[in-house]
Amino acid sequence: MFEIPDFGSGAVWLSLLTLTFLEIVLGIDNIIFISIASGKLKSEADRKKATNIGLILAMALRIALLFGVSWLVSMDDPWFEFDWGWASGGFSGQSLILIAGGIFLLYKSTSEIHHKLEGDEHVEGDPGAPKAGASLRSVIIQITIINIVFSFDSILTAVGMTNGLVGALLIMVIAVVVSVGVMMLFAVPVGNFVNRNPTVQMLGLAFLILIGFMLIVEGAHLADLVIFENHIGTVPKGYLYFAIAFSLLVEFLNMRIRPKSAGKQVKLNTYAQEAARDPEYTRMQ
Numbered sequence: 004m005f006e007i008p009d010f011g012s013g014a015v016w017l018s019l020l021t022l023t024f025l026e027i028v029l030g031i032d033n034i035i036f037i038s039i040a041s042g043k044l045k046s047e048a049d050r051k052k053a054t055n056i057g058l059i060l061a062m063a064l065r066i067a068l069l070f071g072v073s074w075l076v077s078m079d080d081p082w083f084e085f086d087w088g089w090a091s092g093g094f095s096g097q098s099l100i101l102i103a104g105g106i107f108l109l110y111k112s113t114s115e116i117h118h119k120l121e122g123d124e125h126v127e128g129d130p131g132a133p134k135a136g137a138s139l140r141s142v143i144i145q146i147t148i149i150n151i152v153f154s155f156d157s158i159l160t161a162v163g164m165t166n167g168l169v170g171a172l173l174i175m176v177i178a179v180v181v182s183v184g185v186m187m188l189f190a191v192p193v194g195n196f197v198n199r200n201p202t203v204q205m206l207g208l209a210f211l212i213l214i215g216f217m218l219i220v221e222g223a224h225l226a227d228l229v230i231f232e233n234h235i236g237t238v239p240k241g242y243l244y245f246a247i248a249f250s251l252l253v254e255f256l257n258m259r260i261r262p263k264s265a266g267k268q269v270k271l272n273t274y275a276q277e278a279a280r281d282p283e284y285t286r287m288q
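When we follow our numbering, the leftmost residue of the sequence shown carries the number 4, and every step to the right adds one.
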């Protein structure tokens, strides 16, 4: 059962507002991934549908994990340990989820960069056949996988922020619902902006590589990994968010001063464009 927090207390409102803000900030990573993943879809309706489903799944996963907080916290016990002399550590459920999510982000980001820069891809074994684009189902599956990782990180933050407060569970649920509602309002405009501007697309993919690397390092830190007597530390999230904000600021300034008549804007390859160019591609769907 829910314990009702004292909403007449300033500490409760401060915790709620702070946690909601942090959930929105942590959700920026999710919005970037959802925008790029849904950009593979050909129709605007499918892109909006994938975005909304992705964010609703994110909210559902976060709330489900909130009800399993005790199980989540218990996952910091090592599942297996090793000591090879030059390397030692003990991997828990938390660390394995973060490392697996980081590897997934690195793979998806680098493969997307390759696709956008190299042009048309082909089906294996048939160099002349264009590769089928992503379906709505495959995009939603990818979004669901990464939502698990981001939900894990988000809930750990929520638990740390509300530790010791009466009615902490209800505070966390309210913060998650409000933050996802805010993200749903801005996800489609953000996604459209990203898909219209190729340099911002590449920045977004570069951010996902940074985030994937950070998740791997954080997972190694939770595993108390020691390599050649050096403990793996954490990457402060403030540094990461500063790098993202600074890069976006520079790019926005470039967009303002870049004359539109200076030449054609660089175009990145999209699955929708491939479908429009090649009738055979459309028949394969």
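Every residue gets a Cβ at the ideal spot worked out from N, C-alpha and C, and that includes glycine.
So what's residue i in DSSP terms, helix, strand or just coil?
i	result
Asn233	strand
Ser46	coil
Trp16	helix
Pro81	strand
Gly57	helix
Ser138	coil
Gly71	coil
Gly11	coil
Ala90	strand
Met287	Confidence in Met287 is poor, its pLDDT being 46 and thus under 50, which makes the residue's placement too unreliable to answer from.
Ser264	Bear in mind that a pLDDT of 47 at Ser264, under 50, signals an unreliable position, so the number given afterwards is only what the model happens to contain. Helix.
Given residue i, which residues of its chain have a CB within under 8 Å of its CB, disregarding the five upstream and five downstream residues?
i	result
Ala223	Gly92, Ser98, Ile102 and Ile235
Asn150	Asn33, Gly57, Leu60, Ala61 and Leu64
Phe196	Val203
Give me, in chain order, the residues of the same chain whose beta-carbon lies closer than 7 Å to that of residue i; leave out the 5 immediate sequence neighbours on both sides.
i	result
Arg65	Ser154, Ser157, Ile158 and Val179
Pro81	Gly93, Phe94 and Ser95
Leu44	Arg50, Ala53, Ala137, Leu139 and Val142
Glu254	Thr202, Val203 and Leu206
Asp86	none
Gly13	none
Cutting at 6 Å between CB atoms, please list the residues of its own chain near residue i, excluding the five before and the five after it.
i	result
Val185	Ile27
Thr147	Leu60
Gln145	Ala40
Met187	Leu58
Glu84	Gly93
Our contact map puts residue i next to residue j with C-beta atoms below 8 Å; I'd like the distance itself, whole angstroms only.
i	j	result
Thr23	Ser182	5 Å
Leu211	Ser114	11 Å between Cβ atoms; not a contact.
Ile34	Leu108	Not confirmed; about 14 Å, so no contact.
Ile100	Val152	6 Å
If you check the beta carbons only, do residue i and residue j fall under 8 Å apart?
i	j	result
Ile106	Ile247	no
Val142	Ala67	no
Ser46	Val193	no
Trp89	Ile230	yes
Met175	Leu69	yes
Met258	Val238	no
Leu19	Ile177	yes
Leu225	Ile7	no
Check whether the Cβ of residue i lies closer than 7 Å to any heavy atom of the ligand MG, and answer yes or no.
i	result
Ala178	What this structure holds is no ligand at all, so the ligand MG is not there to describe.
When you compare the CB of residue i with every CB in chain C, is at least one pair closer than 8 Å?
i	result
Phe107	In the displayed structure, chain C is absent; only one protein chain is listed.
- Please go through the stretch 165-224 and give each complete alpha helix (DSSP H) segment of 4 or more residues, from N-terminal end onward. The alpha helix (DSSP H) runs lying completely inside the stretch 165-224 and spanning 4 residues or more are 171-199, given in chain order.
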